[in-house]
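Student: Got a structure for you, written out below as structure tokens; questions coming shortly.
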Amino acid sequence: MKTLYKTTVTTTGGRNGQATSEDGVLDLKLSMPKELGGEGGEYTNPEQLFAAGYSACFGSALQLVAKSHKVDLGDFSITGIVAIGQEEEEEQALDLSVILDCYIPGVDVETGEKLVNQAHEICPYSRATRDNIDVTLNLLLDEDE
33 MKTLYKTTVT
43 TTGGRNGQAT
53 SEDGVLDLKL
63 SMPKELGGEG
73 GEYTNPEQLF
83 AAGYSACFGS
93 ALQLVAKSHK
103 VDLGDFSITG
113 IVAIGQEEEE
123 EQALDLSVIL
133 DCYIPGVDVE
143 TGEKLVNQAH
153 EICPYSRATR
163 DNIDVTLNLL
173 LDEDE
């Protein structure tokens, strides 16, 4: 693989710590959600960061695919929903699942599905998670489409 970009983030203190990028642009406190046994609070967590990264990356892949098909995405958005859970037989092992709600106003169902599926083929997050976690793709259109 020819590296096009590389970054480094160091986290101290695990889920109740601090995540800082090498350039200082990312500098976030982390807190474990109450649902996972933490105190919750005003800070982010790894699942929110993963949802943000995946939805942003998928959105860029969608833009690339739409451009190649000469389709205007309009005021599109990708909402990433990340869940963490565990298998009953493996008490300490946790798994992730992702839902990507892809809102593309002004396109028909056939075009929207084609774009979303092609974006899923080229998105680096989709490629990295393929066959590792459940990823559900939802196409959301305007009601009149």
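All letters in the sequence shown, in the order written, are residues 33 to 177 by the numbering used here.
The C-beta atom is built at its ideal place from N, Cα and C for all residues, glycine as well.
1. Taking DSSP's pairing of strands, which residues face Leu169 in a bridge?
2. Measure the C-alpha to C-alpha separation of Leu60 and Thr52 and round it to an integer number of angstroms.
3. I'd like to know if the segment 42-50 and the segment 89-105 are in contact, where contact means that at least 3 CB-CB pairs between them fall below 8 angstroms.
4. Gly112 lies in the beta strand (DSSP E); which residues open and close that run?
5. Using a threshold of 8 angstroms, state whether the C-beta atoms of Leu94 and Asp133 are closer than that.
6. Are the segment 99-111 and the segment 134-150 touching by the rule of at least three beta carbon pairs closer than 8 angstroms?
Tutor: In short:
1. Leu132
2. 6 angstroms
3. no
4. 109-118
5. no
6. yes
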